[in-house]
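Here the structure comes first, spelled out in structure tokens, and everything after it is commentary.
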């Protein structure tokens, strides 16, 4: 893989690239909190009070009071019994799976699940099989081949980043045997989906009884770090038995301070979530009217249909000419061949959205023929 060229962020919605300032519809800072001065102030305050790094495992001398504060607020925000903060979002399902090893007889992973879940599944010490993306019938077929005493664990993203679709958690729960559970990596759904931002579980209207939800603080919350939203018993088990948790230095206190402020902002400013989805609806409505065939997904992501190599090159050129950074990516199984994925943010202005719409409408009206 060729390493991507670095980008310099400018304000909320622009980047500097090759000497040009371009509109940015990539990344997953859905509320643009990563550049909110209130988070920067909170991080600076925590830096002054607590230093940059605790420089030790939480199992030894690195267990700082700010982690307990953050975990209390996370449990409150998501309505979970307990929360455990981890160094990053990739790490969260890995640490959970590490202590669940031997407790499940089978693991079933969505074929387009994030790499964090693929790696976590390998820790479970049981057979692992993939099932067709977001397809309850395919999962049911695999489950039917298990004996009646099976204890399966289903691993899936909550919101899938390639197109904003979500896992049908209610359908999965209906077909799971009594001993089955679901491990959800809700990195993209947490803070975004649901009436109050609790994520995919809230959107799907399911309880936590048979679901373990993991998330990240680096996307909707604009900070950094991973979180496992778990029962108190499972939290204690991770503390006692996870080698990954025991052997790592925890989140730097300034980032924990920033995350605390981000949760307060999202609780107190529901208008941000309203703007986010108003922006999404506006873009999709305009593009569909122009002839684009776009999926109706819950997440604030606009994925274009597959294009030929010639079309891809032409659209990149047209977007750059329109002052827009081309968000074409090859990442993970669902986008391995390359896709245009436009991430909509709450802080995109109507003029910026219109600039994107105009560029895509122009391409649609005068497309290059596919060969």
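Numbering (this note's numbering), first residue to last: 25 to 395. Ideal Cβ placement from N, Cα and C applies to all residues, glycine included.
- Here the C-alpha atom of residue 342 lies approximately 52 Å from the C-alpha atom of residue 170.
- Annotated three-state conformation of residue 206 is strand, per DSSP.
- In this structure, DSSP gives residue 237 an extended state, which the three-state scheme calls strand.
- Shown here, residue 245 sits in coil according to DSSP, grouped into three states, outside any helix or strand.
- Going by beta carbons, residue 218 and residue 57 fall outside the 8 Å limit.
- Residue 214 and residue 290 have their C-alpha atoms some 11 Å from each other.
- Note: residue 183 is bridge-paired with 190 in the DSSP secondary-structure output.
- Each of 367, 29, 225 and 216 was checked against the Cα of residue 195, and the nearest Cα belongs to 225.
- Here residue 176 is bridged, per DSSP, to 130.
- When secondary structure is reduced to three states using DSSP, residue 301 falls in the helix class.
- Classified as buried, residue 240 has 16 or more neighbouring CB atoms from the shown chains inside 10 Å of its CB.
- Beyond the five residues adjoining it in sequence on each side, residue 64 comes within less than 8 Å, by CB distance, of 282 in the same chain, given in chain order.
- Closest by C-alpha distance to residue 149, out of 136, 135, 123 and 163, is 123.
- Counting C-beta pairs with one atom in each stretch, the stretch 361-375 and the stretch 325-332 have three or more that are closer than 8 Å, which means they touch.
- Here residue 69 has 281 as same chain residues with Cβ atoms under 8 Å from its own Cβ, once five neighbours each way along the sequence are excluded.
- If you look at residue 281, you'll find it in the alpha helix (DSSP H) that goes 277-292.
- In terms of Cα proximity to residue 318, the closest of 349, 253, 388 and 270 is 388.
- Collapsing the DSSP output to three states places residue 118 in a helix.
- Measuring C-alpha to C-alpha distances from residue 47 to each of 237, 112 and 368 identifies 368 as the nearest.
- The beta carbons of residue 277 and residue 133 sit no closer together than 8 Å.
- Residue 151 counts as exposed, since fewer than 16 other beta carbons sit within 10 angstroms of its beta carbon.
- Around the CB of residue 34, fewer than 16 other CB atoms lie within 10 Å, so the residue is classed as exposed.
- Three or more beta-carbon pairs drawn from the stretch 88-106 and the stretch 251-258 are found closer than 8 Å, and the two stretches are therefore classed as touching.
- Burial check for residue 228: the Cβ neighbour count within 10 Å reaches 16 or more, so the residue is buried.
- With a cut-off of 8 Å on Cβ pairs, the stretch 198-207 is not in contact with the stretch 79-87, counting fewer than three such pairs.
- A distance below 8 Å separates the beta carbons of residue 238 and residue 117.
- Residue state for residue 96 is assigned as helix, using DSSP reduced to three classes.
- Just so you know, the alpha carbons of residue 144 and residue 54 end up roughly 26 Å apart.
- Rounded to the nearest whole angstrom, the CA to CA distance from residue 61 to residue 128 is 45 Å.
- The beta-carbon distance between residue 185 and residue 52, rounded to whole angstroms, is 7 Å. This is short enough to meet the 8 Å contact definition.
- Under the three-state reduction of DSSP output, residue 49 falls in the coil class, being neither helix nor strand.
- Between residue 270 and residue 83, the gap from beta carbon to beta carbon is short of 8 Å.
- Assignment of residue 295 by DSSP, reduced to helix, strand and coil, places it in the helix class.
- Only residues of its own chain outside the window of five on either side were considered, and among them 107 and 251 have a CB closer than 6 Å to the CB of residue 98, listed in chain order.
- Between the alpha carbons of residue 344 and residue 323 lies a distance of about 25 Å.
- For residue 199, no pairing in a beta bridge is given by DSSP.
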